[in-house]
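There are 2 protein chains.
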Amino acid sequence: MTNRRIVLAAHPQGVPTPTDFRLEDTPVPVPQDGQVLLRTEWLSLDPYMRNLMEQVGPGYADPVPLGATMVGGTISRVVESRHPGFRAGDLVVGAAGWQEYALSDGSGLMPVGDLARPSLALGTLGMPGFTAYVGLLDIGMPQPGETVVVAAATGAVGSVVGQIAQIKGARVVGIAGGPDKCRYAVEELGFDACVDHRDPRFAGLLAAACPDGIDVYFENVGGAVFDAVQPLLNVNARVPVCGFISHYNGGVAEGPDRLAMWMATLLSKRIRMQGFIILDHYGTRFDAFRDDMAGWLAAGRIKVKEDVVDGLDNAPAAFIGLLQGRNFGKLVVRL
Amino acid sequence: MTNRRIVLAAHPQGVPTPTDFRLEDTPVPVPQDGQVLLRTEWLSLDPYMRNLMEQVGPGYADPVPLGATMVGGTISRVVESRHPGFRAGDLVVGAAGWQEYALSDGSGLMPVGDLARPSLALGTLGMPGFTAYVGLLDIGMPQPGETVVVAAATGAVGSVVGQIAQIKGARVVGIAGGPDKCRYAVEELGFDACVDHRDPRFAGLLAAACPDGIDVYFENVGGAVFDAVQPLLNVNARVPVCGFISHYNGGVAEGPDRLAMWMATLLSKRIRMQGFIILDHYGTRFDAFRDDMAGWLAAGRIKVKEDVVDGLDNAPAAFIGLLQGRNFGKLVVRL
């Protein structure tokens with residue numbers, strides 16, 4: 001029996017390319033006492049993984065070493081258990097990475113429960129949904145009638161940010177790439193407006209869609225979108241920062257130096273900008289999130305869109321597409 | 001009787017010059033019913049005034065129109081009162097601006113009280129001290145044993161930030177311009193260290209003075225100081241932003257674009273950065289501040305240093321010097 005896995009072959013220069021990954025065959029490992037053997041059924045692909053492909057700086061998670069299996073959240077079936085807490089056949093959420101089989105000592109594994117769609121535990125009911133919940137509610141703190149703007153509005157995080165903001169009574173303006181995504185955000189998710197960032201008139205369209213300015217900007221893309229948002233921010237605006245895809249593939253950005261301008265805005269408008277990493281919040285907020293989100297899903301108040309890719313072999317190309325906005329909905333790989 | 005006043009003669013290009021101001025003689029105004037006539041005894045000079053010399057952007061205070069009297073906090077004697085709340089001879093804190101005489105309808109005037117040194121009401125017991133108090137305690141939230149870094153460490157705001165941080169049990173590292181100010185911060189104010197930002201080894205010296213990193217950076221200067229602080233910020237650091245003298249004289253800053261790097265830091269270290277304008281906080285926090293500060297002053301736990309300039313004529317040159325760090329202590333003009 002072989003375990004197929006995808007390892008980090010090279011640190012990417014800018015946007016990752018297929019040769020930064022390598023598919024390998026290794027023996028399926030054998031569980032020892034206290035361990036379970038897991039077979040991956042679903043693999044989550046998320047933008048933060050780009051950060052793990054090189055050292056992004058102190059404070060962040062450890063990078064994946066060259067030659068090691070790419071890290072990733074998974075839904076796995078317990079194939080064999082030598083752990084008292086699990087039985088063969090159990091379906092669990094964990095972080096088995098980009099591979100077919102993995103060992104676990106049970107730490108970090110949670111039962112999927114009776115979800116009709118197990119992959120929800122990687123999206124709306126998992127890390128991305130939790131990121132939206134904590135960032136929007138604990139940092140963004142939208143009030144009824146305020147305007148919330150979220151980029152990547154049809155993505156795993158952005159779509160949930162916008163829908164929770166609506167539940168809280170805010171006016172929601174999405175930003176997405178292309179007319180199909182914008183139409184989906186308005187017609188299916190019910191956002192008040194959605195602006196296409198590829199449109200050359202983008203900044204003006206965003207301003208027109210936010211006649212009362214912006215009270216909460218959920219920052220997950222950075223770059224030109226942030227430039228267009230900045231002049232529209234209201235006094236006492238809040239800017240939770242959960243990521244910025246446009247910078248991930250980075251290098252040094254060319255001038256002018258926009259930090260000085262941003263700090264002038266932050267001061268004159270009394271803006272609060274706060275970075276957060278969702279791993280910090282599981283201990284205190286995950287139970288509340290799971291209860292709220294399960295209720296909203298059951299009531300049909302949160303809609304879910306998945307972009308399903310079949311086969312581990314296709315994970316690298318799908319991930320590269322994710323960083324370029326080619327996915328439409330939460331990107332998951334079905335093994 | 002003539003009223004000598006200093007008006008805005010021109011919008012400055014970069015650092016203000018003496019010709020951006022003009023000394024004028026006008027008649028002393030006559031109070032009507034409900035008004036008092038004030039004679040200025042002390043005029044406060046503060047960095048925010050640079051912002052009022054041109055339109056800095058929406059959200060901030062209205063700029064001073066060309067030809068109008070420069071705005072400023074003052075200690076004034078009531079010369080004549082046709083207002084039931086004031087009597088001739090009263091000493092009041094207000095905002096009479098850069099002039100010898102002014103009318104007031106009483107709004108915004110507060111009695112100085114029995115201060116041995118009335119000018120304290122423009123500094124440690126006034127707006128700059130209140131700025132330090134709100135920014136440090138409400139946004140910075142220093143905990144015992146944490147490291148607090150404050151620039152302009154011997155100035156009106158910075159010296160109070162550092163001393164309150166010490167009262168709260170933090171380790172305090174100042175940044176100041178030149179060895180005299182650094183010596184004063186350590187020997188007189190009792191800061192744990194103070195680093196000279198003019199020293200070519202500045203960034204390394206700051207790192208050495210902060211072996212456990214920085215938990216709170218009180219931002220009041222920006223520029224190269226912020227560049228040196230940024231890599232030293234700890235996870236969950238707080239950055240209250242009350243100003244940035246180095247940017248006031250502005251124009252577009254040259255690249256590289258440091259905003260992308262800063263946002264990466266803000267995210268990976270979960271930093272909270274928040275701008276504030278002290279005028280917003282008088283209603284809710286000034287009483288607590290006045291009580292705490294009066295107690296600390298009486299107990300000798302907060303020390304005060306003033307830089308006194310004599311004569312209204314000298315206000316423009318003193319103000320220009322303030323923006324270049326030539327003052328040593330809270331800058332006030334005695335009329």
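Protein chains in written order, with UniProt numbering: chain A, 1 to 335; chain B, 1 to 335. The beta-carbon is built from N, C-alpha and C at its ideal position, and this holds for glycine as well. Note that the structure is predicted; figures quoted are calculated from it, not measured.
| 8 Å contact criterion, which A:A228 and A:F202 should meet: CB distance rounded | Indexing the first sequence from 1 puts residue 228 of chain A at position 228. Indexing the first sequence from 1 puts residue 202 of chain A at position 202. 6 Å between Cβ atoms; contact.
| said: For the region 206-236 of chain A, list every residue whose C-beta sits within 7 Å of some C-beta in chain B, in sequence order. | reply: G222, V235
| task | Report yes or no: do the region 290-307 of chain A and the region 274-293 of chain B share at least 3 C-beta pairs separated by less than 8 Å? | result | no
| task | Return the residue from the list B:Q274, B:G126, B:C242 that minimises the CA-CA distance to residue 338 of chain B. | result | Here chain B has residues from 1 to 335 only, and residue 338 of chain B is not among them.
| message | Which residues of the region 130-141 of chain B have a Cβ closer than 9 Å to any Cβ of chain A? Give them in chain order. | response | I139
| query | Is the region 299-319 of chain A close to the region 132-145 of chain A, with three or more CB pairs under 8 Å? | reply | no
| Applying a beta-carbon distance threshold of less than 7 Å, which residues of chain A neighbour B:V241? | Counting from one through the second sequence, the residue named residue 241 of chain B turns up at place 241. Within chain A, the residues near B:V241 are M263, L266, L267.
| So which residues on chain B does A:L259 lean against when the C-beta distance must stay under 7 Å? | For the purposes of this step, residue 259 of chain A is taken as the residue at position 259 of the first sequence. R258, L259, W262, listed in chain order.
| message | Would A:E219 and B:G255 qualify as a contact pair, given that the criterion is a beta-carbon distance under 8 Å? | response | Stepping through the first sequence from its first residue, residue 219 of chain A is reached at position 219. Stepping through the second sequence from its first residue, residue 255 of chain B is reached at position 255. Going by C-beta atoms, A:E219 is not nearer than 8 Å to B:G255.
| query | How many whole angstroms separate the CB atoms of B:L37 and B:L137, which I take to be in contact at a CB cut-off of 8 Å? | reply | Looking up residue 37 of chain B in the second sequence gives position 37. Looking up residue 137 of chain B in the second sequence gives position 137. Incorrect: roughly 38 Å between the Cβ atoms, too far for contact.
| Between the C-alpha atoms of B:E306 and B:T131, what's the straight-line distance to the nearest angstrom? | Taking the first residue of the second sequence as 1, we reach residue 306 of chain B at position 306. Taking the first residue of the second sequence as 1, we reach residue 131 of chain B at position 131. Each residue's Cα considered, the two are about 17 Å apart.
| request: Return the chain-ordered list of same chain residues with a C-beta closer than 6 Å to the C-beta of B:D33, the five sequence neighbours on each side being excluded. | output: Here residue 33 of chain B refers to the residue found at position 33 when the second sequence is read from its first residue. Taken in chain order, the residues that qualify are R82.
| Nearest residue (CA-CA) to A:I164, options A:V28, A:A10, A:V304, A:V332 | In the first sequence, residue 164 of chain A corresponds to position 164, counting from 1. Taking only the C-alpha atoms, the option nearest A:I164 is A:V304.
| With distances taken between CB atoms, is the gap from B:V216 to B:A185 smaller than 8 Å? | Within the second sequence, the letter at position 216 stands for residue 216 of chain B. Within the second sequence, the letter at position 185 stands for residue 185 of chain B. No.
| task | Could you give the DSSP three-state label for B:I175: helix, strand or coil? | result | Counted from its first residue, the second sequence places residue 175 of chain B at position 175. Three-state result, B:I175: strand.
| field | Whole-angstrom distance between A:A152 and A:I271, CA atom to CA atom | value | On the first sequence, residue 271 of chain A is found 271 positions in, with the first residue counted as 1. On the first sequence, residue 152 of chain A is found 152 positions in, with the first residue counted as 1. Distance between the alpha carbons of A:I271 and A:A152 is about 22 Å.
| query | Counting only beta-carbon atoms, is B:Q166 nearer than 8 Å to chain A? | reply | Position 166 of the second sequence, counting from 1, holds the residue named residue 166 of chain B. No - not a single Cβ of chain A is within 8 Å of the one on B:Q166.
| field | Distance between A:I6 and A:A68 (C-alpha atoms, nearest Å) | value | Here the question's residue 68 of chain A lines up with position 68 in the first sequence. Here the question's residue 6 of chain A lines up with position 6 in the first sequence. Looking at the two C-alpha atoms, the distance is approximately 8 Å.
| query | Can you list the residues of chain A that B:E187 reaches, using a CB-CB cut of under 7 Å? | reply | As a first step, residue 187 of chain B must be located in the second sequence, where it is residue number 187. Ordered by position in chain A, no residue passes the 7 Å Cβ test against B:E187, which lies about 32 Å from the chain.
| task | Mind checking who A:F130 pairs with in its DSSP beta bridge? | result | The residue labelled residue 130 of chain A in the question sits at position 130 within the first sequence. The partner list for A:F130 (beta bridge, DSSP) is empty, contrary to what the question assumes.
| So is A:G321 in contact with chain B if we call contact Cβ pairs under 8 Å? | Residue 321 of chain A sits at position 321 when you count from the first residue of the first sequence. Not one chain B Cβ lies under 8 Å of A:G321.
| field | Limits of the alpha helix (DSSP H) - the one that A:I320 falls within | value | By one-based count along the first sequence, residue 320 of chain A stands at place 320. Its alpha helix (DSSP H) spans residues 315-323.
| Pair within 8 Å by beta-carbon distance, A:Q99 and A:N234 | Here residue 99 of chain A refers to the residue found at position 99 when the first sequence is read from its first residue. Here residue 234 of chain A refers to the residue found at position 234 when the first sequence is read from its first residue. Cβ atoms of A:Q99 and A:N234: not closer than 8 Å.
| Beta carbon of A:D196, beta carbon of A:P211: below 8 Å? | By 1-based counting over the first sequence, the position of residue 196 of chain A is 196. By 1-based counting over the first sequence, the position of residue 211 of chain A is 211. Cβ distance not < 8 Å, so A:D196 and A:P211 don't count as in contact.
| Which chain B residues sit within Cβ distance under 7 Å of A:D196? | If you number the first sequence from 1, residue 196 of chain A lands on position 196. Those do not exist, as A:D196 stays about 23 Å from chain B at its closest Cβ, beyond 7 Å.
| request: Give the DSSP bridge partners of A:A193, in chain order. | output: The residue labelled residue 193 of chain A in the question sits at position 193 within the first sequence. Answer by DSSP bridge pairing, in chain order: A:V173.
| task | Kindly indicate if chain B contains any beta-carbon less than 8 Å away from that of A:D280. | result | Walking along the first sequence from the start, residue 280 of chain A turns up at place 280. So yes, A:D280 belongs to the interface.
| query | By Cβ distance, which residues of its chain are closer than 6 Å to B:G213, with the 5 residues on each side in sequence left out? | reply | Here residue 213 of chain B corresponds to residue number 213 of the second sequence, with the count starting at 1. Within the same chain, B:G213 has close Cβ partners L232, N234.
| Is the beta carbon of A:V148 less than 8 Å from the beta carbon of A:I302? | Within the first sequence, the letter at position 148 stands for residue 148 of chain A. Within the first sequence, the letter at position 302 stands for residue 302 of chain A. No, the pair does not count as a contact, with Cβ atoms beyond the cut-off.
| field | Rounded separation between A:A189 and B:S268 - CA only | value | What you label residue 189 of chain A is simply residue 189 of the first sequence in a count that begins at 1. What you label residue 268 of chain B is simply residue 268 of the second sequence in a count that begins at 1. Note that residue 189 of chain A is Leu in the sequence shown here, rather than Ala. If you take the alpha carbons of A:L189 and B:S268, they lie about 31 Å apart.
| request: Please confirm if A:Q143 has its CB atom under 8 Å from at least one CB of chain D. | output: Considering every chain present, this structure includes no chain D. Its protein chains are A and B.
| task | For B:F276, return the contacting residues in chain A, with the cut-off set at a CB-CB distance below 7 Å. | result | Here residue 276 of chain B corresponds to residue number 276 of the second sequence, with the count starting at 1. Within 7 Å Cβ-Cβ: R270.
| field | A:G85 to A:L66 span [Cα, whole Å] | value | Mapped onto the first sequence, residue 85 of chain A falls at position 85. Mapped onto the first sequence, residue 66 of chain A falls at position 66. Their backbone Cα atoms lie some 33 Å apart in a straight line.
| Straight-line Cα distance separating B:A208 from B:G174 | Counted from its first residue, the second sequence places residue 174 of chain B at position 174. Counted from its first residue, the second sequence places residue 208 of chain B at position 208. One C-alpha to the other measures close to 13 Å.
| said: According to DSSP, simplified to helix, strand and coil, what is B:Q230? | reply: By 1-based counting over the second sequence, the position of residue 230 of chain B is 230. Here B:Q230 sits in helix by DSSP.
| Classification of A:E187 by the beta-carbon crowding that lies within 10 angstroms, buried from 16 upward | Along the first sequence, read from residue 1 onward, the residue named residue 187 of chain A stands at position 187. When all chains shown are included, A:E187 counts as exposed.
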